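A short worksheet on the structure shown next.
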Amino acid sequence: MTEFSNSALRLIIFAKAPLAGFAKTRLIPALGADGAAALAERMLQRTLQQCVQAQLGRVELCVAPDSEHEYWQSLALPEAVVLAGQGGGDLGQRLWRAAKRAREAGESVLLLGTDCPQLSAERLCRAAATLRKSDAVIYPTRDGGYALFGLNRAEAGLFENIRWSTAVVAQQTRQRLDQLGIQCEWLETLADIDEPRDLELLPDSWKQDL
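In this note's numbering, the protein residues as written are 33 to 242.
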């Protein structure tokens, strides 16, 4: 078991480089490769903005394909954001590796992606506040996954043998939390933007731009 200190918090954003044919590929039938990449970049920028605005602690942008890729090297990051590579393995291995980095620094951690424009600074602050009274916090998503997973206490088993990118991710994670005796607060269900049908859930101004 890994124990975290809630006196310091790290926000770790998992992101793919928003390149045509690489990011948000399931949106290509609706937006085209360039349009899907442009939306991915907009969601990335919003996530960065909200994490910095929340002023909760260090913000780490954990990227693929790797931090040396020319896109990431040319990206102007806010001063509060540090860049790191995701490394190899499945999503669970990469998530655990990131959580472990926070553990080694004695920090609590909020793990999140860039696919949820509803994940505002206010909701990030609510997640951080929830971690002061619980071992873990999750914002589940309508598609059965989660937009944010926050941890004061963690074990590698939370991320092993999960059927990632399916409708059972949150369900399997709940089972693992229960098996490991980790208290978790489940907050409101949010909407990820992954499939063409999800585009109607974007902010109105974004839909006009599309």
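Quick reminder that beta carbons are idealized off the backbone N, C-alpha and C, glycines included.
No experiment lies behind these values; they were computed from the predicted model shown.
- Uninterrupted beta strand (DSSP E) stretches at least 3 residues long and entirely within the segment 34-69 occur at 41-48, given in chain order.
- For I170, DSSP records a beta bridge to F181, W218.
- Scanning the segment 93-152 for uninterrupted alpha helix (DSSP H) segments of 4 residues or longer gives 102-106, 123-136, listed from N- to C-terminal end.
- Ranked by Cα distance from V91, the first of I45, L123, Q118 is I45.
- Beta-bridge pairing by DSSP links V91 to L43, V113.
- Contact between T146 and T79 holds: CB atoms are separated by about 4 Å, below the 8 Å threshold.
- A186 carries a strand assignment under DSSP once its states are collapsed to helix, strand and coil.
- Excluding residues up to 5 positions away in sequence, P228 lie with their Cβ nearer than 8 Å to the Cβ of P61 in the same chain.
- Distance from the CA of E217 to the CA of V84, rounded to the nearest whole angstrom, comes to 24 Å.
- About 25 Å separates the beta carbons of L234 and G182, which is beyond the 8 Å limit, so they are not a contact pair.
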